[in-house]
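In the working numbering, the protein residues as written are 1 to 281. Glycine residues also receive a C-beta, built at the ideal position from the N, C-alpha and C atoms. Just so you know, these numbers come straight off a predicted model, no measurement behind them.
Next comes the structure, spelled out in structure tokens:
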């Protein structure tokens with residue numbers, strides 16, 4: 001007897017079909033993502049497809065165990081999600097956009113994802129699962145869910161980002177985007193939000209002193225992100241949200257037609273003045 005697709009299956013297929021892979025924020029992942037989305041939307045098993053891709057790429061977790069994607073129901077009761085991935089290599093994955101994008105980031109940034117997971121698992125192993133994650137786990141979770149990599153070897157552009165200098169970053173230095181700086185999304189919740197983008201979408205930017213061309217070299221960028229995460233953890237610089245620079249992503253040149261008008265950036269509810277300036281206002 002042929003199985004009848006459930007309403008949930010239809011909803012997941014429809015959400016995958018709604019992804020516009022030509023949008024600039026999806027383009028780093030479009031080659032793998034569009035094909036995967038198409039076959040899954042056509043009825044293929046998400047887990048089977050992911051496991052085939054993971055095995056073909058030799059993906060492993062931080063302990064060197066082969067990475068595999070399992071149904072959420074297979075996560076043992078009482079076992080933390082992050083601890084399970086580190087202990088077994090098995091990533092609990094639901095049929096929804098959130099977990100689809102999480103898996104896609106595992107395929108694109110396997111070293112960085114494994115390093116993030118190892119950092120989280122180390123804290124869980126040392127302190128257990130508590131009501132509050134603590135600074136390190138908070139930072140790791142924010143990175144995992146909502147990070148965007150800001151690539152620039154120009155320290156003045158990074159300074160503009162960190163100082164909330166939106167006119168400098170997006171207006172006066174507009175022509176430097178693509179030449180002196182670029183971004184690559186990392187957080188899977190961020191990608192999920194960008195399926196239906198809105199002006200106030202704000203990512204947690206992680207600056208890396210790398211030229212924009214690095215975005216076209218996924219393996220090299222993956223290694224650099226993993227190394228930067230470990231260095232930050234070793235130096236005690238993973239401490240919640242203050243580990244990052246807020247970046248309203250729809251202000252990025254080319255990400256919204258509306259931002260061609262400099263008045264777009266006058267909305268201080270989105271392009272905030274920064275903590276110091278706000279306290280002085």
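| query | For residue 246 versus residue 204, is the C-beta distance shorter than 8 Å? | reply | Position 246 of the chain shown, counted from the first residue, corresponds to residue 246. Position 204 of the chain shown, counted from the first residue, corresponds to residue 204. Yes, the pair counts as a contact, with Cβ atoms nearer than the cut-off.
| field | Backbone CA spacing between residue 54 and residue 68 [nearest angstrom] | value | On the chain shown, residue 54 is found 54 positions in, with the first residue counted as 1. On the chain shown, residue 68 is found 68 positions in, with the first residue counted as 1. Approximately 7 Å, taken between the alpha carbons.
| query | What is the rounded straight-line gap between the Cα of residue 10 and the Cα of residue 82? | reply | As a working note, residue 10 is residue 10 in the chain shown. As a working note, residue 82 is residue 82 in the chain shown. Approximately 29 Å, taken between the alpha carbons.
| Closest by C-alpha distance to residue 122, when choosing among 8, 234, 242 | The count along the chain shown starts at 1 and reaches residue 122 at position 122. Answer by Cα proximity: 234.
| query | What number of angstroms, rounded off, separates the C-alpha of residue 131 from the C-alpha of residue 180? | reply | Numbered from 1 along the chain shown, position 131 holds the residue referred to as residue 131. Numbered from 1 along the chain shown, position 180 holds the residue referred to as residue 180. Reliability fails at residue 131, whose pLDDT of 49 lies under 50, so the model's placement of it is uncertain and no value is given.
| Inside the stretch 76-111 only - beta strand (DSSP E) runs reaching at least 3 residues | 90-93
| said: Suppose you measure from the CA of residue 187 to the CA of residue 149; what does that come to, to the nearest Å? | reply: Counting from 1 along the chain shown, the entry for residue 187 is found at position 187. Counting from 1 along the chain shown, the entry for residue 149 is found at position 149. Taking the straight line joining both Cα atoms gives about 9 Å.
| Candidates 136, 97, 100, of which the one nearest residue 115 by Cα | Reading the chain shown from its first residue, position 115 is the one you call residue 115. That would be 136, whose Cα lies nearest to the Cα of residue 115.
| said: So, at 7 Å on beta carbons, what are the nonlocal neighbours of residue 109 in its own chain, with the 5 sequence-adjacent residues on each side left out? | reply: Looking up residue 109 in the chain shown gives position 109. Excluding positions up to five away in sequence, the list reads 186, 222, 225.
| What whole-angstrom Cβ distance do residue 194 and residue 173 have, given they're in contact under 8 Å? | As a first step, residue 194 must be located in the chain shown, where it is residue number 194. As a first step, residue 173 must be located in the chain shown, where it is residue number 173. Wrong, their Cβ atoms sit about 23 Å apart, outside the cutoff.
| Which two residues bound the contiguous alpha helix (DSSP H) that contains residue 246? | Position 246 of the chain shown, counted from the first residue, corresponds to residue 246. No alpha helix (DSSP H) holds residue 246; the beta strand (DSSP E) holding it covers 245-248.
| task | Take the Cβ of residue 236 as the centre, count every other Cβ of all protein chains shown within 10 Å, and call the residue buried at 16 or more, exposed below. | result | By one-based count along the chain shown, residue 236 stands at place 236. Exposed is the call here.
| request: Give the C-beta separation of residue 161 and residue 151 to the nearest angstrom, bearing in mind that I take them to be a contact with Cβ-Cβ under 8 Å. | output: Counting from 1 along the chain shown, the entry for residue 161 is found at position 161. Counting from 1 along the chain shown, the entry for residue 151 is found at position 151. Not a contact, Cβ separation roughly 11 Å.
| field | alpha helix (DSSP H) segment containing residue 143, residue limits | value | Taking the chain shown and counting its residues from 1, the one referred to as residue 143 is at position 143. Residues 135-146.
| field | With 16 other Cβ atoms within 10 Å as the buried cut-off, status of residue 127 | value | One-based indexing of the chain shown puts residue 127 at position 127. Exposed, by the Cβ-count rule.
| field | Spatially closest choice to residue 153 from 106, 261, 176, 139, by CA coordinates | value | On the chain shown, position 153 is the one that residue 153 refers to. Checked all of 106, 261, 176, 139; the closest Cα to residue 153 is 176.
| field | Cut-off 6 Å between Cβ atoms - residues of its own chain near residue 274, not counting five sequence neighbours on either side | value | For the purposes of this step, residue 274 is taken as the residue at position 274 of the chain shown. So the list reads 164, once near-sequence residues are dropped.
| query | Can you name, in chain order, every residue of its own chain whose Cβ lies under 8 Å from the Cβ of residue 209, other than the five neighbours on each side? | reply | Position 209 of the chain shown, counted from the start, is the residue given in the question as residue 209. Answer for residue 209: 152, 153, 155, 158, listed in chain order.
| Residue environment, residue 12, which counts as buried when at least 16 other CB atoms sit within 10 Å | Against the chain shown, residue 12 aligns to sequence position 12. Buried: at least 16 other Cβ atoms inside 10 Å.
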